[in-house]
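J.:
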Amino acid sequence: MESFKIHPIVMGTKVFDKSMMTYQHGNGETYVIPIYCWYLEGGDQKILVDTGEMSPVISPDREKALGGKIYTFEQGLEKWSLKPEDIDIVIHTHLHNDHCENDYKCVNAAIYVHEKELEVIHDPHPLDYRYLMDYIEDVEDNGQIRVITEDREIVPGISVMHTPVHSRGGLTVLINTPKGKAAITGFCVIKENFYPPPEIRAMEMDVIPPGTHVNVYESYDIMLKIKEMADVLLPLHEPEFARVDTV
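Every letter in the sequence shown is one number past the one before it in the working numbering, and letter 148, counting from 1, is 185.
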């Protein structure tokens, strides 16, 4: 079975109230999250999970908050001797704009997206303001979209699991690594969501759902399942990965 190295590359940030990550907790606390593009190194294809922001804010304050460097898409790929046209596969956790703004640059890639994300991005509810169809029109017109309808293997050693926590078509990406099965969560959380502080655990909560969710009860149960099955847990916006080249 193929084994992969996972390289988190910061290709954007957001600054907002922490409770956007941790449901009903952290209200009033300003928090900076990284937006990652994950390069999965291994096998004979160049594979990314998400593509980040098109024009990230790159400032000393934000890099200091993260403890790591912020890149444009081209700069981040160049770190690993890649160009956008080298990418063979993009796997999307979901289609909120900050996760897919550079798709159009990956002209040779097959782009894997859950069917429910495509439904929503073409007919979003007013609350779904993070979906912007403009960012996927080019790759749709080019026939690059590969629609995911069920849990499946993408290539040997990499599979996807439908996890409708943060969005209806969220896909958690499961990757064989030298350290065991890694899970890049298909929903926007940080490490604290999976490992709550003592005052939250005292309430008999083993995880904290994200601030934005589809169904908070189902989200809780799905998160527990992912936590139990992963040897290496990679919350989608955890800042600590901004400080490392390879997980």
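Heads up, the beta-carbon is just placed ideally off N, CA and C, and yes, glycines get one too.
Bear in mind that the values here come from a model prediction, so they are computed numbers and not experimental data.
Around the C-beta of Thr50, are 16 or more other C-beta atoms found within 10 angstroms, so that it is buried, or is it exposed?
T.: Indexing the sequence shown from 1 puts residue 50 at position 13. When all chains shown are included, Thr50 counts as buried.
J.: I need the DSSP call for Asp125, collapsed to helix, strand or coil.
T.: Numbered from 1 along the sequence shown, position 88 holds the residue referred to as residue 125. Note: Asp125 maps to coil in three-state DSSP.
J.: Please classify His162 as buried or exposed, where buried requires at least 16 other C-beta atoms within 10 Å of its C-beta.
T.: Reading the sequence shown from its first residue, position 125 is the one you call residue 162. The residue is exposed, with fewer than 16 neighbouring Cβ atoms inside 10 Å.
J.: Give the secondary structure of Leu103 by DSSP, where H, G and I count as helix, E and B as strand, and everything else as coil.
T.: By one-based count along the sequence shown, residue 103 stands at place 66. In the structure shown, Leu103 sits in a helix (DSSP, three-state: H, G or I).
J.: His159: buried (16+ other C-beta within 10 angstroms of its C-beta) or exposed?
T.: Along the sequence shown, read from residue 1 onward, the residue named residue 159 stands at position 122. Exposed, because fewer than 16 other Cβ atoms sit within 10 Å of the Cβ of His159.
J.: The alpha helix (DSSP H) spanning Ser256 covers which residue range?
T.: The residue labelled residue 256 in the question sits at position 219 within the sequence shown. Taken as a continuous stretch (DSSP letters only), the alpha helix (DSSP H) holding Ser256 covers Val253 to Met266.
J.: Give the DSSP-derived three-state secondary structure of Gly49 in the structure shown.
T.: Looking up residue 49 in the sequence shown gives position 12. It is a strand residue.
J.: Check each candidate in Pro234, Gly105 and Glu177 and name the one with the smallest Cα separation from Cys143.
T.: In the sequence shown, the residue the question calls residue 143 occupies position 106. If we check each option's Cα against that of Cys143, Glu177 comes out closest.
J.: For His44, which beta-bridge partners are listed by DSSP?
T.: Mapped onto the sequence shown, residue 44 falls at position 7. In DSSP, His44 forms a bridge with Tyr76.
J.: Is it buried or exposed for Asn230, if we count other Cβ within 10 angstroms and need 16 for buried?
T.: Working through the sequence shown from its first residue, we reach residue 230 at position 193. When all chains shown are included, Asn230 counts as buried.
J.: Pick out whichever of Ala102, Val226, Thr88 and Glu187 has its Cα sitting closest to the Cα of Lys264.
T.: Start at 1 with the first residue of the sequence shown, and residue 264 comes out as number 227. Nearest of Ala102, Val226, Thr88 and Glu187 to Lys264, Cα basis: Val226.
J.: For the alpha helix (DSSP H) that Lys218 lies in, which residues bound it at each end?
T.: Indexing the sequence shown from 1 puts residue 218 at position 181. Unbroken run through Lys218 is the beta strand (DSSP E), Gly217 to Ile221; no alpha helix (DSSP H).
J.: In the DSSP assignment, find the beta strand (DSSP E) that holds His199 and state where it starts and stops.
T.: Here residue 199 corresponds to residue number 162 of the sequence shown, with the count starting at 1. Its beta strand (DSSP E) spans residues Ile195 to His199.
J.: Under a three-way DSSP split, which group does Arg189 fall into?
T.: Numbered from 1 along the sequence shown, position 152 holds the residue referred to as residue 189. Residue state, collapsed to three classes: strand.
J.: Hey, how far is the Cα of Trp75 from the Cα of Leu132?
T.: The residue given as residue 75 occupies position 38 in the sequence shown. The residue given as residue 132 occupies position 95 in the sequence shown. Taking the straight line joining both Cα atoms gives about 15 angstroms.
J.: Within 10 angstroms of the Cβ of Ala146, are there 16 or more other Cβ atoms? Answer buried if so, exposed if not.
T.: Here residue 146 refers to the residue found at position 109 of the sequence shown. The residue is buried, with at least 16 neighbouring Cβ atoms inside 10 Å.
J.: Rounded to a whole number of angstroms, what is the C-alpha to C-alpha distance between Ile245 and Gln82?
T.: Translated into positions along the sequence shown, residue 245 becomes position 208. Translated into positions along the sequence shown, residue 82 becomes position 45. Looking at the two C-alpha atoms, the distance is approximately 35 angstroms.
J.: Are the CB atoms of His44 and Ile237 within a distance shorter than 9 angstroms?
T.: For the purposes of this step, residue 237 is identified with residue 200 of the sequence shown, where counting begins at 1. For the purposes of this step, residue 44 is identified with residue 7 of the sequence shown, where counting begins at 1. No; because the gap between Cβ atoms is not below 9 angstroms, this pair is not in contact.
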